[in-house]
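One structure below.
Number of protein chains: 2
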Amino acid sequence: MLKYILLGFLNYQPMSGYDLKSLMDESTSHFWHAYHSQIYTTLRKLEEDGLLVSEEIEAEDAKLNRRVYSITAAGQAELRDWLAQTMSEPTPVKEDLLVRLFFSGSRDRESTLNELRLQRQFHQQKLALYNSLSPHHLVADMDATPELLREARFWATTLEFGKRYEHMYLAWLEDTIRTIEAF
Amino acid sequence: MLKYILLGFLNYQPMSGYDLKSLMDESTSHFWHAYHSQIYTTLRKLEEDGLLVSEEIEAEDAKLNRRVYSITAAGQAELRDWLAQTMSEPTPVKEDLLVRLFFSGSRDRESTLNELRLQRQFHQQKLALYNSLSPHHLVADMDATPELLREARFWATTLEFGKRYEHMYLAWLEDTIRTIEAF
DNA sequence: ATTGGCATGTAATTAGTTACATGATTTT
DNA sequence: AAAATCATGTAACTAATTACATGCCAAT
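First to last, the protein sequences are chains A and B.
Just so you know, we're using my numbering here: the first sequence kicks off at 107 and counts up by one.
Just so you know, we're using my numbering here: the second sequence kicks off at 107 and counts up by one.
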């Protein structure tokens, strides 16, 4: 999946691994996180496969050089083909907290409740973050072409998902805390 | 994580890899899916680490023998220690559909809409499934001890999460379909 | 003086997926 | 006759995580 995220961003404009990591951190990381180590190795692999080309940009000053990647025609075709397909399943959920809760019967009740209360805090923060975000702040990090502005409408739908997800999660946490307090 | 799911179930009662796979399929797979190949290899590893012991049960008839695993004292301690901890973060979301939607600006609109409509179908089915499930049907697959019945209250909270998740997801899909139709 | 941002990578390990492989019994 | 269920595993591969590693510049 990371492959397509990188192709997707590089289809907007050429960028370095560092740029991609920064962009991801404030956008796609909310539904697909990746470490910089994976980003750099995947970029190399995509270049080997001919989907990207890179160019080392010498920095003035004594700074570290940047390696800027551009998408190739083959890369664009790969992205297009991938998008032309249709997911044949819903994405399976992987939620650690639910695993823990499922097996919390033998656990100290206060320990469980503390964990849920801490999670409530985390999800409140996430919701607050999403509410403070505008999909347009991403445009500011790239060249604001008219095409990019059209992309922002799709970005907004994923942000809306995030808000609803956190809202749902919080309500469930509240109710679950109350339920377990009453056990 | 699979490690703790296996320890968690085996803490209820001894079982084979096949039993564990079946139990997971109708419970934890909704928030933590695993293939049988991974289950069998993980069970072996846990036995090597002394957290489980296994015993080969000879089948009457000419059936294949079952290997039944039991949790050891060390295994119970490991499970207890893990549950005594507290997650220091919310679980990161990984949702393929959002990645695809994020980069769908350059995509044919009908293709995007078709994918969303198909997902709507999937999530309707998931919601229907969750609504048909009772946490007690799981007890039927194991020995119905009074302790197990207490566990079922925790199982129910995870099922409730599933219902709310699918409900939220569906509403978002509906709204997103309408939004994109209006683009 | 130290923290944070810029900037890049490799190495080692663990986890997860897909494919291969077998074979009997029961149900449709 | 074919499909589903029971039952177990290995092998190959891909993806993801964690740790290691470096070094400049600007701001506090």
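C-beta atoms are modelled at their ideal positions from N, C-alpha and C, and glycine is treated no differently.
Residue i - DSSP class collapsed to helix/strand/coil
| i | result |
| --- | --- |
| serine 210 of chain B | helix |
| methionine 130 of chain B | helix |
| leucine 149 of chain A | helix |
| tyrosine 175 of chain A | strand |
| serine 160 of chain A | strand |
| serine 194 of chain A | coil |
Residues near residue i in its chain [Cβ-Cβ closer than 6 Å; skip 5 each side]
| i | result |
| --- | --- |
| tryptophan 261 of chain B | Pro241 |
| glutamate 221 of chain A | none |
| tryptophan 188 of chain A | Tyr110 |
Residue i versus residue j - alpha carbon distance
| i | j | result |
| --- | --- | --- |
| arginine 256 of chain A | phenylalanine 289 of chain B | 10 Å |
| arginine 226 of chain A | threonine 178 of chain A | 44 Å |
| glutamate 162 of chain B | serine 238 of chain B | 36 Å |
| glycine 114 of chain B | isoleucine 145 of chain A | 35 Å |
| proline 198 of chain B | tyrosine 236 of chain A | 14 Å |
| threonine 148 of chain B | glycine 123 of chain A | 35 Å |
| alanine 140 of chain B | leucine 108 of chain B | 7 Å |
| serine 214 of chain B | alanine 190 of chain A | The residue asked about is misnamed: residue 214 of chain B is aspartate in this sequence, not serine. Their backbone Cα atoms lie some 8 Å apart in a straight line. |
| glutamate 266 of chain A | isoleucine 286 of chain B | 13 Å |
| valine 205 of chain B | proline 120 of chain B | 41 Å |
| methionine 193 of chain B | valine 245 of chain B | 28 Å |
| arginine 259 of chain A | glutamate 253 of chain A | 11 Å |
| phenylalanine 130 of chain B | leucine 219 of chain B | One point to set straight first is that residue 130 of chain B is methionine, not phenylalanine, in the sequence displayed. Computed Cα separation, rounded: 33 Å. |
| serine 128 of chain A | serine 143 of chain A | 13 Å |
| arginine 284 of chain B | glycine 268 of chain A | 18 Å |
| aspartate 281 of chain A | lysine 200 of chain A | 21 Å |
| leucine 152 of chain B | arginine 186 of chain B | 15 Å |
| arginine 270 of chain A | phenylalanine 209 of chain A | 27 Å |
| leucine 207 of chain B | tryptophan 138 of chain B | 24 Å |
| arginine 150 of chain B | alanine 250 of chain A | 55 Å |
| alanine 234 of chain B | alanine 234 of chain A | 32 Å |
Residues near residue i in its chain [Cβ-Cβ closer than 8 Å; skip 5 each side]
| i | result |
| --- | --- |
| leucine 116 of chain A | Leu126, Leu158, Tyr175, Ser176, Ile177 and Gly181 |
| histidine 229 of chain B | Glu272, Tyr275, Leu276 and Leu279 |
| arginine 172 of chain B | Ser122, Tyr124, Glu162, Ile163 and Ala165 |
| histidine 243 of chain B | Glu132 |
Per-residue burial, residue i [other beta carbons within 10 Å of its own, 16 or more giving buried]
| i | result |
| --- | --- |
| phenylalanine 136 of chain A | Residue 136 of chain A is actually histidine in this sequence, not phenylalanine. Buried, because 16 or more other Cβ atoms sit within 10 Å of the Cβ of histidine 136 of chain A. |
| lysine 232 of chain A | buried |
| glycine 211 of chain B | buried |
| proline 196 of chain A | buried |
| glycine 156 of chain B | exposed |
| serine 133 of chain A | buried |
| glutamate 154 of chain B | exposed |
| threonine 264 of chain A | buried |
| glutamate 216 of chain A | exposed |
Beta-carbon contacts of residue i that lie in its chain and below 7 Å, excluding the five residues immediately before and after
| i | result |
| --- | --- |
| leucine 203 of chain B | Gln225 |
| glutamate 184 of chain A | Leu113 and Leu157 |
| methionine 332 of chain A | Any property of residue 332 of chain A remains undetermined from this structure, which presents chain A solely from 107 to 289. |
| arginine 223 of chain B | Ile283 |
| serine 160 of chain A | Glu153, Arg173, Val174 and Tyr175 |
Within the stretch 201 to 289 of chain A, note down every full alpha helix (DSSP H) run reaching 4 residues or more, in order along the chain.
-> 202 to 208, 215 to 238, 242 to 245 and 252 to 287
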